[in-house]
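Note sheet for the following structure.
Protein chains: 2
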Amino acid sequence: MNRPMRSRRQATLASLAAELGVSRTTVSNAYNRPDQLSPELRKRVLETAKRLGYAGPDPVARSLRTRRAGAVGLLLTENLSYAFRDPAAGGVLEGLALACEDAGVGLTLVPGGPGNEDVAAVHRAGVDGFVVYSVPDDDPHLEAALQRPVPTVIVDQPQLDGLDRVGPDDEAATVDLANHVVGLGHRQVGVLCMRLSSDRNDDFASQYRQQDAHYHVQRARLAALQRTFEAAGVPWDSVPVVERFDHHVDDGASAARQLLDKHPRVTALICTSDILALGALAEAGRRGLRVPADLTITGFDGIGEATRAGLTTVHQPVLEKGKAAGQLLLGAGDRVASKVITLPTELRVGTTSGPPRTAEQHWFGP
Amino acid sequence: MNRPMRSRRQATLASLAAELGVSRTTVSNAYNRPDQLSPELRKRVLETAKRLGYAGPDPVARSLRTRRAGAVGLLLTENLSYAFRDPAAGGVLEGLALACEDAGVGLTLVPGGPGNEDVAAVHRAGVDGFVVYSVPDDDPHLEAALQRPVPTVIVDQPQLDGLDRVGPDDEAATVDLANHVVGLGHRQVGVLCMRLSSDRNDDFASQYRQQDAHYHVQRARLAALQRTFEAAGVPWDSVPVVERFDHHVDDGASAARQLLDKHPRVTALICTSDILALGALAEAGRRGLRVPADLTITGFDGIGEATRAGLTTVHQPVLEKGKAAGQLLLGAGDRVASKVITLPTELRVGTTSGPPRTAEQHWFGP
DNA sequence: TGAACAAACCGTAACGGTTCAGAACACGGT
DNA sequence: ACCGTGTTCTGAACCGTTACGGTTTGTTCA
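Order-wise, the sequence lines are chains A and B. Numbering of the first sequence is given in full-length UniProt numbering, commencing with residue 1 and proceeding in unit increments. Numbering of the second sequence is given in full-length UniProt numbering, commencing with residue 1 and proceeding in unit increments.
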């Protein structure tokens, strides 16, 4: 410890006031309202503070009195690696952090361990509001947050009526993407998706499991794919869907392997995230499949690495998403009605999608 | 707002106690020490709480009394994008978040805007300690944190005596890497490095600027390179060093461009981060340079994308780094002496390094 | 001359909890 | 009838600060 030795006890505003022979109010004013006391006295207060090793009013006591914690809480998916390893999630965090920074408030990551039913941390967090990102619809932590008498904003994931929410139109964006793939002529497709529910299932996902997914975004994207492909005459029960609980590039690779082993004739792999798509790309390379000649691969999110890899994907403004959430939350309080912000998306056709290798071409585009 | 309507004022422990006709102590015990009251009464308390919309003891008031905020503060570099976009930084954050999660405490990102001299946020943060990551040695926010009567742990960046610190041996690791490059026979090398000081300099960095760098890690790596190359007979003033303030792949590309435009004869580009190296790789491709036949490129950190790209780099255990920092901080308090944890690194030779294209080969290896 | 007013400072009452030393009571044993 | 031992609940002190409504002092101006 290189910090200066302190007297028996940490100095407080009161002890400082006693030492100076002034009232506590005056010391408080020295820090919070410089215009309320003479510059000389203020200087004297600050000097004595330094001498006593007093670093200014205690944040917690201040928060209690002012009823503002000066921080917003972030509730996110059970496994943190998703939040930090997926650039899309990172973008959301960054945007949110930026909004908080602008407002001069902290951003507190509230713990909610894997399978952790312990919501105590949510109750114990000293925050002025919550941003909830990417948790399943029935998450107990979310419920705990809603109990707290502070505003809450949802980003993307839980779908709940009456709450402030920020996110893209996942259905519409996915329909665009699917139409692109259909338009290229693909009829034998496979899907790689992220975790659908809280229980681990690193395997094919039944239609029931798809419809029952607790992760709204995945459910929405799958539903949109189903709609589009069925409209194109592809029965959904003929489309294999492989799910992965974790969300690393390797998981995408293993999912692709599992799917292609069982369904070698698919000509397109639609992935519900870029990370999974990058893994699929790696697996395709390992098998000697040319992309897109032998296999079309698409992602979702539009992260940097995807762009660099030329991935066909849907880009969404993740930074803005986080920022919007923060601003929404910090601007709340006066507002009465709940607000929903829908962000634009953009289909970005790269070099990983093309017509299928099979002889008969279904080409509907110009 | 879908939250239940509340009476005039939010319920408190006192109002609950009054409603029930018991003491505040008892209500408090119902939440914190269930064994201190009869199960029936506890049940009655909890039921009444639910009825009144009381979500449990106020976190801030509790923190004031117990003198534990239940969160650790994270102070990081001025620009957040570094923290969220660089997977190495993300790994540190994740590890730290994991350690916090294990301990059931929150992790608060304390704002400290770019060029923001306003350290108020550091004083206002209700935290039990600080982790400082990747800030310049003379950062005012760091100073503010040290004033606070809470423990502090440094990760990687600021080099300050007497403080707890976690990080790799940057010098030794860089020497290993440099020896690898020297051993391959390279004598005409260039260096791409990250921000050296708080002022922007997207240009070549003079030797003075290198030695005066406020970012300790960069300074250490450059110094190690200098030592190794001079030992191999390469005068350091013949080695161009290009600096970039921001830290995206594109910045690495533009830095490589700038360096290669002026020094087309260099046979190796040593980058102080994988992100910069990935950019250099892209720029090499753009120029039609074969890697490593025409140009050797190395990185630092060992992030996933680097591995996938086959980059020669130094791997460091970023997750463990963050975890160690968290554990160190949360385990502090009883401890007296300051502690320093040095993490192991590993040189990972990939497919982006090889002997130089020039005729004369200097091969010192087996 | 004294009324009006601004500047500088102060006293008190919260803010919403936790904690500790007991009080009140019930119960079995002697 | 008395004692010791739990169990269950309570009263009061305290955590460190800021909000609010003063009082005091000095200056200005009709």
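Note that beta-carbon positions come from the ideal geometry of N, C-alpha and C, so glycine has one too.
Restricting to Cα atoms, I'd like to know which of the options is closest to residue i.
i: CYS193 (chain B); options: B:ASP250, B:ARG33 and B:VAL242; result: B:VAL242
i: ILE270 (chain B); options: B:SER338, B:ALA255 and B:GLY95; result: B:ALA255
i: residue 370 (chain B); options: B:SER198, B:ASP203, B:SER197 and B:ALA306; result: Because chain B in this structure spans residues 1 to 366, residue 370 (chain B) falls outside the shown range and cannot be described.
i: ALA293 (chain A); options: A:ALA337, A:ARG348 and A:PRO356; result: A:PRO356
i: ALA121 (chain A); options: B:ASP246, B:GLY106 and B:LEU76; result: B:GLY106
i: ILE303 (chain A); options: A:GLU230, A:HIS247 and A:ALA89; result: A:ALA89
i: LEU13 (chain B); options: B:ASP35, B:PRO39 and B:ASP58; result: B:ASP58
i: ALA97 (chain A); options: B:GLY104, B:GLU101, B:PHE84 and B:CYS100; result: B:PHE84
i: ASN179 (chain B); options: B:LEU260, B:LEU311, B:LEU225 and B:ARG244; result: B:LEU225
i: CYS100 (chain B); options: B:GLY129, B:LEU80, B:GLU117 and B:SER81; result: B:GLY129
i: GLY279 (chain B); options: B:PRO264, B:LEU260 and B:ARG265; result: B:LEU260
i: ARG348 (chain A); options: A:ALA282, A:GLY326 and A:ASP274; result: A:ASP274
i: ALA309 (chain A); options: A:PRO317, A:ILE297, A:VAL318 and A:GLN316; result: A:ILE297
i: HIS263 (chain A); options: A:PRO151, A:HIS247 and A:VAL239; result: A:VAL239
i: PRO168 (chain A); options: A:GLY162, A:ASP161 and A:ASP156; result: A:ASP156
i: ARG51 (chain B); options: B:THR174, B:ARG62, B:VAL72 and B:LEU20; result: B:LEU20
i: ARG221 (chain B); options: B:TYR208, B:THR174, B:THR342 and B:THR267; result: B:THR174
i: GLY326 (chain A); options: A:VAL92, A:LEU295, A:LEU184 and A:THR312; result: A:VAL92
i: LEU319 (chain A); options: B:LEU80, B:GLY112 and B:GLN147; result: B:LEU80
i: GLY331 (chain B); options: B:ARG219, B:VAL72 and B:LEU311; result: B:VAL72
i: ARG290 (chain A); options: A:ILE341, A:SER353, A:LYS43 and A:GLY252; result: A:SER353
i: LEU295 (chain A); options: A:ASN116, A:GLY185, A:ASP161 and A:PRO87; result: A:GLY185
i: ALA324 (chain B); options: B:GLU94, B:VAL119 and B:VAL182; result: B:GLU94
i: HIS315 (chain B); options: B:LYS43, B:LEU329 and B:LEU343; result: B:LEU343
i: LEU37 (chain A); options: A:ARG44, A:LEU46 and A:THR26; result: A:THR26
i: ARG68 (chain A); options: A:LEU41, A:ALA306 and A:ALA103; result: A:ALA103
i: VAL189 (chain B); options: B:VAL181, B:VAL22 and B:THR108; result: B:VAL181
i: SER15 (chain B); options: B:PRO39, B:ASN32, B:VAL45 and B:PRO34; result: B:VAL45
Give me the chain B residues within the contact set of residue i, using Cβ-Cβ distance strictly less than 9 Å, ordered along the chain.
i: residue 374 (chain A); result: The structure shown does not extend to residue 374 (chain A), since chain A is modelled only from 1 through 366, so no value can be given for it.
i: ALA97 (chain A); result: LEU80, ALA83, PHE84, LEU109 and PRO111
i: CYS100 (chain A); result: LEU109 and PRO111
i: ALA253 (chain A); result: Near ALA253 (chain A) there are no residues of chain B at all, since even the closest Cβ is about 10 Å away, more than 9 Å.
i: ALA282 (chain A); result: ARG308
Could you name the residues of chain A that residue i contacts, counting a contact when the two beta carbons are closer than 7 Å?
i: VAL175 (chain B); result: Going along chain A, no residue has its Cβ under 7 Å from VAL175 (chain B), so there is no contact; the nearest lies around 29 Å.
Determine the chain B residues that contact residue i at a beta-carbon separation under 8 Å, and present them in chain order.
i: VAL249 (chain A); result: GLY304 and ARG308
i: LEU289 (chain A); result: What LEU289 (chain A) touches in chain B: nothing, since even the nearest Cβ is about 17 Å away.
i: LEU328 (chain A); result: Going along chain B, no residue has its Cβ under 8 Å from LEU328 (chain A), so there is no contact; the nearest lies around 13 Å.
i: GLU94 (chain A); result: LEU80, SER81, ALA83, PHE84 and ARG85
Give the residues of chain A in contact with residue i, contact being defined as C-beta atoms less than 9 Å apart.
i: HIS180 (chain B); result: Under the 9 Å cutoff, chain A gives no residues; its nearest Cβ is about 26 Å from HIS180 (chain B).
i: ALA277 (chain B); result: Those within 9 Å of ALA277 (chain B) in chain A number zero; the least Cβ separation is about 13 Å.
i: ALA121 (chain B); result: GLY70, GLU101, GLY104, VAL105 and GLY106
Output, in chain order, the set of chain A residues within a Cβ distance shorter than 8 Å of residue i.
i: GLY90 (chain B); result: PHE84, ARG85 and GLY90
Q: Could you run through the stretch 133-155 of chain B and flag, in chain order, every residue whose CB is less than 9 Å away from some CB of chain A?
A: ALA144, LEU146, GLN147, ARG148, PRO149, PRO151 and THR152
Q: For the stretch 72-100 of chain B, list the alpha helix (DSSP H) runs that are entirely contained and at least 4 residues long, ordered along the chain.
A: 80-85
(Q) Could you check whether the stretch 206-218 of chain A touches the stretch 128-147 of chain A, counting it as contact only if at least three pairs of C-beta atoms, one from each stretch, sit closer than 8 Å? (A) yes
**Q.** Contact set between the UniProt domain "HTH lacI-type" (11-66) of chain B and chain A, restricted to residues whose Cβ is under 7 Å from the partner
**A.** ALA55, GLY56, PRO59, VAL60, ALA61, SER63 and LEU64
Q. Which whole runs of the alpha helix (DSSP H) in the stretch 209-271 of chain A are 4 residues long or more, in chain order?
A. 216-231 and 249-262
Q: Please specify which runs of the alpha helix (DSSP H), each continuous and at least 4 residues long, are wholly inside the stretch 135-186 of chain A, giving them in chain order.
A: 140-147 and 170-184
Q: Give, in chain order, every unbroken run of the alpha helix (DSSP H) that is at least 4 residues long and sits entirely within the UniProt domain "HTH lacI-type" (11-66) of chain B.
A: 13-20, 24-32, 39-52 and 59-66
Q | the stretch 64-81 of chain A contacting the stretch 125-134 of chain A, beta-carbon criterion three pairs below 8 Å | A | yes
Q) Taking the runs of the alpha helix (DSSP H) that are 4 residues or longer, which of them lie wholly in the stretch 305-346 of chain A? A) 318-331
Q: Could you tell me whether the stretch 280-287 of chain B touches the stretch 220-236 of chain B, where touching means 3 or more Cβ pairs closer than 8 Å?
A: no
Q | Those runs of the beta strand (DSSP E) which lie wholly inside the stretch 273-306 of chain A and span at least 3 residues | A | 296-298
**Q.** Cβ pair count under 8 Å reaching 3, the stretch 59-67 of chain B against the stretch 54-68 of chain A
**A.** yes
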